[in-house]
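S.K.:
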Amino acid sequence: MKRSRSKEDDELLGAIDNKPNIFSYAELRTATEDFSPTNKLGEGGFGPVYKGMLSDGREIAVKKLLVPSHQGKSQFIAEISIISSVQHHNLVKLYGCCIEVEDRLLVYEYLEKKSLDQALFGKTVLHLDWPTRYNICLQAAKGLAYLHEESKPRIVHRDVKASNIPCFAINRSWYSVYA
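Residue 1 is where the sequence shown starts when you use full-length UniProt numbering, and the numbers rise one by one after that.
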């Protein structure tokens, strides 16, 4: 079945100020090895997230939104517009999106390390000292503070949890919007 964006989709995407990359469904299907279960990173409230690799070698996280979505197409485009305008070193970067007919996917940078909940409670628990734990919390709080107080428009994440906080022992933590 051939998948393509409609003219209306192109017009909606064209109206975004900080236009993200537009990926084809076929490109993301190839990158994730046909959304292979072995590439599944997890599942959030809106759908599964898969690890993938683009043809240029970049590793990505692809959030495949469940269909039918309660979210309309124009709401999805508005969300892309907002997410693509948010730039902060403690936030996961949105690379782009795919919107072909009924397929709605968000493409984020891929972060290799474990999430905070995996680090603290997973099968291979990391033994984080208290200064490292404090730093992870501080960096996550900085990302949230940016969203809540500094970004234009202000954004309330509404899904703050340890599984959405990738942690790094190198004194930097990102707040994730893709989990």
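Yeah, the Cβ is synthetic: ideal placement off N, Cα and C, and Gly gets one too.
#1: Report buried or exposed for residue 63, applying the criterion of at least 16 other Cβ atoms within 10 angstroms of its Cβ.
#2: Looking at the secondary structure, which residues open and close the alpha helix (DSSP H) in which residue 27 lies?
#3: Does the separation of the CB atoms of residue 136 and residue 165 fall below 8 Å?
#4: On a Cα-Cα basis, can you pick out the residue from 37, 87, 118 that is closest to residue 143?
#5: Give the C-beta separation of residue 96 and residue 107 to the nearest angstrom, bearing in mind that I take them to be a contact with Cβ-Cβ under 8 Å.
#6: For residue 112, which residues in the same chain have their Cβ closer than 8 Å to its Cβ, ignoring the five residues on either side in sequence?
#7: Inspect the beta-carbon positions of residue 49 and residue 57 and report whether they are closer than 8 Å.
#8: Give me whichever residues DSSP pairs with residue 151 in a beta bridge.
#9: In the DSSP assignment, find the unbroken beta strand (DSSP E) run with residue 131 in it and report its ends.
#10: Restricting to Cα atoms, I'd like to know which of 117, 110, 21 is closest to residue 40.
#11: In this structure, does DSSP put residue 90 in helix, strand or coil?
#12: Quick one: what's residue 115 bridged to in DSSP?
#13: Given a cut-off of 8 Å on the beta-carbon distance, is the pair residue 31 and residue 44 in contact?
M.R.: On the basis of the supplied data:
#1: buried
#2: 25-31
#3: Yes, the pair counts as a contact, with Cβ atoms nearer than the cut-off.
#4: 87
#5: About 5 Å separates the two Cβ atoms, so the contact holds.
#6: 59
#7: At a Cβ-Cβ threshold of 8 Å, residue 49 and residue 57 do not count as neighbours.
#8: Residue 151 pairs with nothing; no bridge assigned.
#9: First-last for residue 131: 130-145, but that is the alpha helix (DSSP H), not the beta strand (DSSP E).
#10: 110
#11: coil
#12: 166
#13: no
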